[in-house]
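Residue numbers (this note's numbering): -19 to 296.
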């Protein structure tokens, strides 16, 4: 029976030295007679709702073992955020677990069960946790180029080199619609800062889009281009002629699998890239003539007709 235990004697108990320790098997050191404990499977753990939480694209689940059960470990399972199948995300003795890297704006269901040498017990009740609707992130300093200098809680970046350097955001996206903006705080000597997305292993010592791991729009004071795998396309008039204070918006739509751009709240050029699948990180590239600040947690623009109506073809 779940949550109960019994004592089974293989031979008569040694009356000189009964040993009822925490181990499954024990013996009398004086006479060799053995005592074996036999436990039933554990009862269902109890989820602790007040200690469970969701923050950004992470969830934390806490639970407590069945009070009358012998428990050796726990198995935590979570679904795919779309009422799909469960998968194991933790197995061990802890009773609290944080799962990172989930989809934004998704409802995740989690459950836990305990086990011991007798087997696995029943599942707990499920708990549902909603990840954030919009993404809050910062620039990733942990794997950045040494020429980059960060400030403002890692939201602002400049560079010590005349060569372009790439920096990523610290969160990747594989699902949903995401929008962020970058303010150009300083713009000297007509550089070409680039804005877009990248794979985690993008080249970081060249302009964003020079290799096949980056997709970007680079822009000067008068015009812009799209670039991916060092292929340039869709020159568009209108640049950062205002210099400092100009705002570039990036719209990553992984429902339509497209990437589009805005300059000072207006669509800029056509949809830049299509057929985007996989995990993408926000990314920018800059040199020492530029200082930029990232703004996150923004709602996507509601009207993208300006960027979709152009007859210019997009890159894949």
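Where a beta carbon is used, it is the ideal one built from N, C-alpha and C, also for glycine.
- In the DSSP assignment, the residues bridged to residue 211 are 208.
- Beta-bridge partners of residue 262 (DSSP): 177.
- According to the DSSP assignment, residue 110 belongs to the beta strand (DSSP E) that extends over 107 to 110.
- Linking residue 179 to residue 194 through their CA atoms gives a straight-line distance of about 7 Å.
- Membership of residue 275 in the beta strand (DSSP E) is indicated by the continuous run 270 to 278.
- In the pairwise beta carbon analysis, the region 215 to 229 is classified as touching the region 196 to 203: at least three pairs are separated by under 8 Å.
- When rounded, the separation of the alpha-carbon atoms in residue 66 and residue 89 is 8 Å.
- Judged by DSSP in its simplified three-state form, residue 171 adopts coil rather than helix or strand.
- By the 16-neighbour rule on beta-carbons within 10 angstroms, residue 132 is exposed.
- Looking from the CA of residue 278, the closest CA among 157, 139, 198 and 173 belongs to 157.
- Within the DSSP secondary-structure output, residue 87 pairs in a beta bridge with 110.
- Within 10 angstroms of the beta-carbon of residue 170 lie fewer than 16 other beta-carbons, which makes it exposed.
- When C-beta atoms of the region 117 to 128 are compared with those of the region 77 to 87, fewer than three pairs fall below 8 Å, so the two segments do not count as touching.
- In the three-state reduction of the DSSP assignment, residue 247 falls in the strand class, which pools E and B.
- Distance from the CA of residue 47 to the CA of residue 58, rounded to the nearest whole angstrom, comes to 24 Å.
- Contact between the region 32 to 41 and the region 111 to 118 is established, with three or more Cβ pairs separated by less than 8 Å.
- Taking a C-beta distance under 9 Å as the contact criterion, residue 117 and residue 276 qualify as a contact pair.
- Residue range 38 to 44 is occupied by the beta strand (DSSP E) that includes residue 44.
- If the five residues before and after residue 273 are omitted, its C-beta is found closer than 6 Å to the C-beta atoms of 135, 136, 163 and 165, all from its own chain and listed in chain order.
- If you check the CB distance, residue 69 and residue 79 come in under 9 Å.
- The region 228 to 248 and the region 139 to 148 do not touch, with fewer than 3 CB-CB distances between them shorter than 8 Å.
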